[in-house]
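*Asks:* Residue numbers (the numbering used here), protein chains in the order written: chain G, 10 to 186; chain D, 56 to 121. All C-beta atoms, glycine included, are put in the ideal place defined by N, C-alpha and C. Note that the coordinates shown come from a computational prediction; the quantities given were computed from them, not determined experimentally. Quick one: this structure, given as structure tokens, is what I'll be asking you about.
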């Protein structure tokens with residue numbers, strides 16, 4: 010396989026990953042993106058090993074290693090700090106077992122709050138189940154994880170640019186076309 | 056680390072691209088070494104010296120960083 014074919018394949022897999030993420034969010038199937046992502050990375054690795062005209066350049070390898078290590082070091086500190094905060098929330102929760110509030114209380118409260126006028130019937134049908142409190146809280150935690158993912162990505166890109174500049178990636182001279 | 060790759064290239068009438076191709080690295084790596092932005096591995100340093108049929112000390116000179 011040619012190097013350029015690999016790049017095209019990587020682009021296609023990237024698009025599939027985005028589609029899988031959208032489907033996961035749309036239909037609330039968290040395992041879909043998890044499985045598709047791991048399968049995608051494995052496929053990319055197998056394809057990468059089959060590149061026939063791959064050129065291993067030690068300077069590029071060094072740049073990637075340094076950027077990866079710096080990203081890991083910074084991300085590890087931030088992730089550890091946030092995880093400690095999460096642990097505090099977890100440890101501060103009432104001891105197990107948890108007894109959920111009776112559903113009637115929740116639906117009643119939500120229905121009452123959504124009643125627009127007087128004492129008429131609420132907007133919500135009785136058959137509509139109110140969202141689970143815990144699930145909403147977990148959803149908020151998901152935004153934090155999304156922020157961490159973006160942080161990891163931008164840290165790597167930033168360090169990659171820094172080390173690429175340091176090791177002369179964009180240097181030019183009289184032989185430059 | 057100082058080096059005389061540019062001099063040896065000129066003596067052998069070689070472009071950076073041609074030398075990079077011979078050594079299996081990118082042209083940007085040869086340029087980075089020549090400009091002192093990147094110190095090559097021992098492996099690559101020996102390859103460069105052997106390619107020009109000189110000793111490694113003829114191509115590279117160690118310099119203390121102050």
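Output yes or no for whether 8 Å exceeds the beta carbon distance between residue 88 of chain G and residue 164 of chain G.
*Replies:* Not in contact: residue 88 of chain G and residue 164 of chain G (Cβ atoms no closer than 8 Å).
*Asks:* Taking its Cβ as the centre, do 16 or more other Cβ atoms sit within 10 Å of residue 88 of chain D, making it buried, or is it exposed?
*Replies:* Buried is the call here.
*Asks:* Taking the alpha-carbon positions, what's the residue 52 of chain G to residue 46 of chain G distance?
*Replies:* Using only the alpha carbons, I get a separation of about 10 Å.
*Asks:* Is the number of C-beta pairs between the segment 31 to 50 of chain G and the segment 88 to 103 of chain G that are closer than 8 Å three or more?
*Replies:* Short answer: they don't touch.
*Asks:* Beta-carbon within less than 8 Å of residue 94 of chain D's beta-carbon, same chain only, minus the 5 sequence neighbours each way: which residues are those?
*Replies:* If we look at residue 94 of chain D and ignore the five residues flanking it on each side, its Cβ neighbours are 56, 88.
*Asks:* I think residue 113 of chain D touches residue 104 of chain D, with their Cβ atoms under 8 Å apart; what is that distance to the nearest whole Å?
*Replies:* Indeed they touch by this definition, with Cβ atoms about 7 Å apart.
*Asks:* Does residue 177 of chain G pass the burial test, meaning 16 or more other C-beta atoms within 10 Å, or should it be called exposed?
*Replies:* With 16 or more other Cβ atoms within 10 Å, it is buried.
*Asks:* Using only the alpha-carbon positions, how far apart do residue 68 of chain D and residue 14 of chain G sit?
*Replies:* Each residue's Cα considered, the two are about 35 Å apart.
*Asks:* What do you reckon, are the CB atoms on residue 11 of chain G and residue 66 of chain G nearer than 8 Å?
*Replies:* Not in contact: residue 11 of chain G and residue 66 of chain G (Cβ atoms no closer than 8 Å).
*Asks:* Apply the 10 Å Cβ neighbour rule to residue 74 of chain D and answer buried if 16 or more other Cβ atoms are within range, or exposed otherwise.
*Replies:* Label assigned to residue 74 of chain D: buried.
*Asks:* What does residue 177 of chain G touch in chain D if you count any residue whose Cβ is under 8 Å from its own?
*Replies:* Those within 8 Å of residue 177 of chain G in chain D are 83, 86, 87, 90, 92, 93.
*Asks:* What does residue 66 of chain G reach in chain D if we use C-beta pairs closer than 7 Å?
*Replies:* Chain D residues near residue 66 of chain G: 80, 81, 84.
*Asks:* Using the three-state DSSP reduction, which class does residue 81 of chain D fall into: helix, strand or coil?
*Replies:* Three-state DSSP puts residue 81 of chain D in coil, outside helix and strand.
*Asks:* Measuring CB to CB, does residue 78 of chain D end up less than 8 Å from residue 106 of chain D?
*Replies:* Going by C-beta atoms, residue 78 of chain D is nearer than 8 Å to residue 106 of chain D.
*Asks:* Please list, in chain order, the chain G residues whose beta carbon lies closer than 7 Å to that of residue 99 of chain D.
*Replies:* 67, listed in chain order.
*Asks:* To the nearest angstrom, how far is the alpha carbon of residue 81 of chain D from that of residue 151 of chain G?
*Replies:* Roughly 42 Å between the two C-alpha positions.
*Asks:* Work out the CA separation of residue 84 of chain G and residue 62 of chain D for me, nearest whole Å.
*Replies:* Going from the Cα of residue 62 of chain D to the Cα of residue 84 of chain G covers about 44 Å.
*Asks:* Taking a contact to mean a Cβ-Cβ separation below 8 Å, would you say residue 169 of chain G touches residue 21 of chain G in this structure?
*Replies:* No.
*Asks:* Decide if residue 181 of chain G is buried, meaning its Cβ has at least 16 other Cβ atoms within 10 Å, or exposed.
*Replies:* Its Cβ having fewer than 16 others within 10 Å, residue 181 of chain G is exposed.
*Asks:* Could you tell me which chain D residues have their CB closer than 7 Å to the CB of residue 182 of chain G, listed as they occur along the chain?
*Replies:* In chain order: 86.
*Asks:* Should residue 60 of chain D go down as buried or exposed, given a rule of 16 or more other Cβ atoms within 10 Å for buried?
*Replies:* Result: buried.
*Asks:* So for residue 84 of chain G, helix, strand or coil by DSSP?
*Replies:* In the structure shown, residue 84 of chain G sits in a helix (DSSP, three-state: H, G or I).
*Asks:* If distances are taken between C-alpha atoms only, which option among G:80, G:103, G:174 comes closest to residue 160 of chain G?
*Replies:* Nearest of G:80, G:103, G:174 to residue 160 of chain G, Cα basis: G:80.
*Asks:* Assuming residue 56 of chain G contacts residue 18 of chain G (C-beta within less than 8 Å), just tell me the rounded distance between them.
*Replies:* Contact flag correct, Cβ pair sits at about 5 Å.
*Asks:* Which residue spans inside the segment 18 to 52 of chain G form an unbroken alpha helix (DSSP H) run of at least 4?
*Replies:* Here no run is fully enclosed.
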